[in-house]
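Visitor:
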Amino acid sequence: MRYKPLFRSLGLLLIGEAILLIPSLLVSLIYRDGDTLSFAYTIVLLLACGLPLAMFIKTRVTSLYVREGFALVGFAWIILSLFGMLPFLFSGAIASPVDAFFETVSGFTTTGSSILPAVEGLPHGILFWRSFTHWVGGMGILVFTIAIMPQLGLRNMELMRAESPGPNPEKLLPRIKQTARMLYIIYFSLSLILFILLLCTGMHPFDSAVNTFGAAGTGGFSVLNVSIGGYNNPGAEIIMGIFMIVFSVNFTIYFLIVMRQWKKASRSSELIAFIVAVSLAVIFITLNIAPRYNGILESLRHAFFQVSSIVSTSGFATTDFHIWPQFSRMVLLMLMFMGACAGSTGGGVKVIRLVIGGKAIHRELESILHPHIVRTIYVDGKPVEDNILRSVLVFLFAYVSIIIVSTLIVSLDGFDFETNFTAVLATIGNIGPGLSLVGPMGNFGGFSDLSKIVLSFNMLMGRLEIIPIMLLFTRSLWH
0 MRYKPLFRSL GLLLIGEAIL LIPSLLVSLI YRDGDTLSFA YTIVLLLACG LPLAMFIKTR
60 VTSLYVREGF ALVGFAWIIL SLFGMLPFLF SGAIASPVDA FFETVSGFTT TGSSILPAVE
120 GLPHGILFWR SFTHWVGGMG ILVFTIAIMP QLGLRNMELM RAESPGPNPE KLLPRIKQTA
180 RMLYIIYFSL SLILFILLLC TGMHPFDSAV NTFGAAGTGG FSVLNVSIGG YNNPGAEIIM
240 GIFMIVFSVN FTIYFLIVMR QWKKASRSSE LIAFIVAVSL AVIFITLNIA PRYNGILESL
300 RHAFFQVSSI VSTSGFATTD FHIWPQFSRM VLLMLMFMGA CAGSTGGGVK VIRLVIGGKA
360 IHRELESILH PHIVRTIYVD GKPVEDNILR SVLVFLFAYV SIIIVSTLIV SLDGFDFETN
420 FTAVLATIGN IGPGLSLVGP MGNFGGFSDL SKIVLSFNML MGRLEIIPIM LLFTRSLWH
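Following numbering that gives the first Met the number 0, the numbering of the sequence shown begins with 0 at its first residue and continues without gaps.
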């Protein structure tokens, strides 16, 4: 392990976080809610810690080994979350450090789970920062830093492999910086379109901005206690529902569209499976909840929004889906587990892993009937290598194991099984709300500090696909 490039990179990332706090500082100056100093103090602390590491640690290393890339990603997300929680503490919006860490991790990991029972009384700067962390974390903190800070100087794929969701992130362009910038150009363009459309529905510019951050990053923090349903704006609901699906699609698809490779984009087996799953879920839930609403169109409106919100792991709500029939809630629970596509801003297991897992089961059944035939798994016309298949199976096993262990720990608080299980599933899947006490109209504030710490690390492991966080606790990483 080479520590100099690791610490220098951390220093640059702290400087980057200080820059990211500037928009929130400006918002606090505009609204004058008394939270300006909280951002100023945090920026000063970030610069005081980041500048010495970046300026005085000299190294000619411009690429990281695999272990260094994973170590940097794991440490960076934890450290940036610890600094990112300071505005909550300094402003008094959140008094407990554990609660502030939970809220910040939930923001950066685009989870959207909250310990706050009410948000409408918070200062505008705090609300802006709370939602802005979604937008930054959506594509990845380090990918964002590589895109805007060329001096970081890292030239390999190890950071993107460690931070990007999915079993095998692609380098779209020859250089990693070009890939990062292209991803953020697409990301920023789609976000800008969403922001303009929300303005056209009559939504206030501030609300349009924070809801854009939440939908683009598939996060779900809202500035209203009852989430998007509080606007009573069907036009905004439809637009956000569509864009939550848009941001759940692998960004490689949009790159192919930009490059006019239409056929290749339309033949993605993951995209087809995702569209089919979403369509069936909307149809089933619409029919199931129709008796509860005034007509099929209203039930379709709520079903589409909630399916979009849950499958994208955004976590916004227009209604309390916890009171829906058991069948609809089970469909949503399955969507929580599935999640979005790999290479998107969404969470969950990812559709491509389920596609590969299904093909692996089919191959195993065929091999039992025809033991002498060698069959290769293909996805989009490309063979799935054994190491990719192995990583998918290991991920699924680790994912389920973490859910079981975390549910066991969280159950010490004495809540019902539905609350405990869906709280764990919502955090490791970066979804936001669960069911029962942590449903769309509830919050996570009732859990103990131990449970909140466990759920915070679940969010980090879910966002970073488990491995970078687990590697931090292995002895061989530091040899």
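Every residue gets a Cβ at the ideal spot worked out from N, C-alpha and C, and that includes glycine.
Going by C-alpha to C-alpha distance, which of Ile244, Ile252, Leu88, Ser80 sits closest to Gly314?
Guide: Here residue 314 is taken as the residue at index 315 of the sequence shown, counted from 1. Ranking the options by Cα distance to Gly314, first place goes to Ile244.
Visitor: Determine the direct distance from the alpha carbon of Trp477 to that of Val65, and round the result to whole angstroms.
Guide: For the purposes of this step, residue 65 is taken as residue 66 along the sequence shown, with counting starting at 1. For the purposes of this step, residue 477 is taken as residue 478 along the sequence shown, with counting starting at 1. Roughly 12 angstroms separates the two Cα atoms.
Visitor: Quick check: Gly346 and Gly338, are their CB atoms within less than 8 angstroms of each other?
Guide: For the purposes of this step, residue 346 is identified with residue 347 of the sequence shown, where counting begins at 1. For the purposes of this step, residue 338 is identified with residue 339 of the sequence shown, where counting begins at 1. Yes, they are a contact pair.
Visitor: Alpha carbons only, please: which of Leu424, Trp128, Phe6 is nearest the one belonging to Thr479?
Guide: As shown, the chain starts at 0 and ends at 478. That puts residue 479 outside it, with no answer to give.
Visitor: Relative to the C-alpha of Ile288, which residue among Asp412, Glu236, Ile360, Pro324 is closest?
Guide: In the sequence shown, residue 288 corresponds to position 289, counting from 1. Closest by alpha carbon: Pro324.
Visitor: Pull the bridge partners of Lys553 from the DSSP assignment, please.
Guide: With the chain running from 0 to 478 in the structure shown, residue 553 is simply not present.
Visitor: Measuring only the C-alpha atoms, how far is Phe420 from Gly240?
Guide: Start at 1 with the first residue of the sequence shown, and residue 420 comes out as number 421. Start at 1 with the first residue of the sequence shown, and residue 240 comes out as number 241. When rounded, the distance between both Cα atoms is 26 angstroms.
Visitor: Name the two residues that bound the continuous alpha helix (DSSP H) containing Thr285.
Guide: Taking the sequence shown and counting its residues from 1, the one referred to as residue 285 is at position 286. First-last of the alpha helix (DSSP H) with Thr285: 268-288.
Visitor: Among the candidates Phe55, Asp32, Glu297, Ser23, whose CA atom is the shortest distance from the CA of Ile42?
Guide: As a working note, residue 42 is residue 43 in the sequence shown. Selected option, being the one with the closest Cα: Ser23.
Visitor: From the DSSP output, in three-state form, read off Leu5 for me.
Guide: Counting from one through the sequence shown, the residue named residue 5 turns up at place 6. Leu5: helix per DSSP, three-state reduction.
Visitor: In the structure shown, what three-state DSSP assignment does Arg328 receive?
Guide: For the purposes of this step, residue 328 is identified with residue 329 of the sequence shown, where counting begins at 1. Looking at Arg328 - three-state DSSP - the assignment turns out to be helix.
Visitor: Shortest alpha-carbon distance to Asp379 belongs to which of Gly201, Ile271, Glu102, Ile468?
Guide: On the sequence shown, position 380 is the one that residue 379 refers to. For Asp379, the nearest C-alpha among the options comes from Ile271.
Visitor: Quick one: does Leu331 have its CB under 8 angstroms from some CB of chain B?
Guide: No chain B is present in this structure, which holds just one protein chain.
Visitor: So the candidates are Leu12, Pro233, Ser450; which of them puts its Cα closest to the Cα of Gly49?
Guide: Here residue 49 refers to the residue found at position 50 when the sequence shown is read from its first residue. Closest option to Gly49, Cα to Cα, is Leu12.
Visitor: Within 10 angstroms of the Cβ of Ala94, are there 16 or more other Cβ atoms? Answer buried if so, exposed if not.
Guide: Counting from 1 along the sequence shown, the entry for residue 94 is found at position 95. The residue in question, Ala94, is exposed, as its Cβ has fewer than 16 Cβ neighbours within 10 Å.
Visitor: What does the alpha-carbon distance come out to for the pair Ile468 and Ala215?
Guide: Here the question's residue 468 lines up with position 469 in the sequence shown. Here the question's residue 215 lines up with position 216 in the sequence shown. Cα-Cα distance, rounded: 25 angstroms.
Visitor: Are the beta-carbon atoms of Glu269 and Val393 separated by less than 8 angstroms?
Guide: The residue labelled residue 269 in the question sits at position 270 within the sequence shown. The residue labelled residue 393 in the question sits at position 394 within the sequence shown. Their beta carbons are not under 8 angstroms apart, which means Glu269 does not touch Val393 by this criterion.
Visitor: Can you tell me the Cα-Cα spacing of Arg154 and Ile309, whole angstroms?
Guide: Sequence index remark: in the sequence shown, residue 154 carries index 155 (1-based). Sequence index remark: in the sequence shown, residue 309 carries index 310 (1-based). With a pLDDT of 45 at Arg154, under the threshold of 50, the predicted position of this residue should be treated as unreliable, though the coordinate-derived value follows. Straight-line Cα distance between these residues: approximately 36 angstroms.
Visitor: Report buried or exposed for Trp261, applying the criterion of at least 16 other Cβ atoms within 10 angstroms of its Cβ.
Guide: One-based indexing of the sequence shown puts residue 261 at position 262. Trp261 is exposed by the Cβ-count criterion.
Visitor: Please return the same chain residues whose Cβ sits closer than 7 angstroms to the Cβ of Leu5, not counting the five positions on each side in sequence.
Guide: Counting from 1 along the sequence shown, the entry for residue 5 is found at position 6. Cβ neighbours of Leu5 beyond the five flanking positions: Glu67, Ala70, Leu71.
Visitor: Give the range of the alpha helix (DSSP H) segment to which His321 is assigned.
Guide: What you label residue 321 is simply residue 322 of the sequence shown in a count that begins at 1. Per DSSP, His321 belongs to no alpha helix (DSSP H) and is neither H nor E.
Visitor: Would you kindly work out how many angstroms separate the C-alpha atoms of Leu121 and Asp412, rounded to a whole number?
Guide: The residue given as residue 121 occupies position 122 in the sequence shown. The residue given as residue 412 occupies position 413 in the sequence shown. Those two C-alpha atoms are separated by around 28 angstroms.
Visitor: Out of Thr110, Phe456, Gly441, point me to the one whose CA is closest to Val118's CA.
Guide: As a first step, residue 118 is located in the sequence shown; it is residue number 119 there, counting from the start. Nearest of Thr110, Phe456, Gly441 to Val118, Cα basis: Gly441.
Visitor: Assuming Ser405 and Val453 are in contact, meaning their beta carbons sit under 8 angstroms apart, how far apart are those beta carbons, in whole angstroms?
Guide: Against the sequence shown, residue 405 aligns to sequence position 406. Against the sequence shown, residue 453 aligns to sequence position 454. Between Val453 and Ser405 the Cβ distance is about 5 angstroms, and since that is below 8 angstroms, they are a contact.
Visitor: Hey, Met333 and Ile430: beta-carbon distance below 8 angstroms or not?
Guide: Translated into positions along the sequence shown, residue 333 becomes position 334. Translated into positions along the sequence shown, residue 430 becomes position 431. Contact: no.
Visitor: Might you give, ordered along the chain, the residues of its own chain that have their beta carbon closer than 6 angstroms to the beta carbon of Phe273, omitting 5 neighbours on each side?
Guide: The sequence position of residue 273 within the sequence shown is 274, counting from 1. Cys340, Val350, listed in sequence order.
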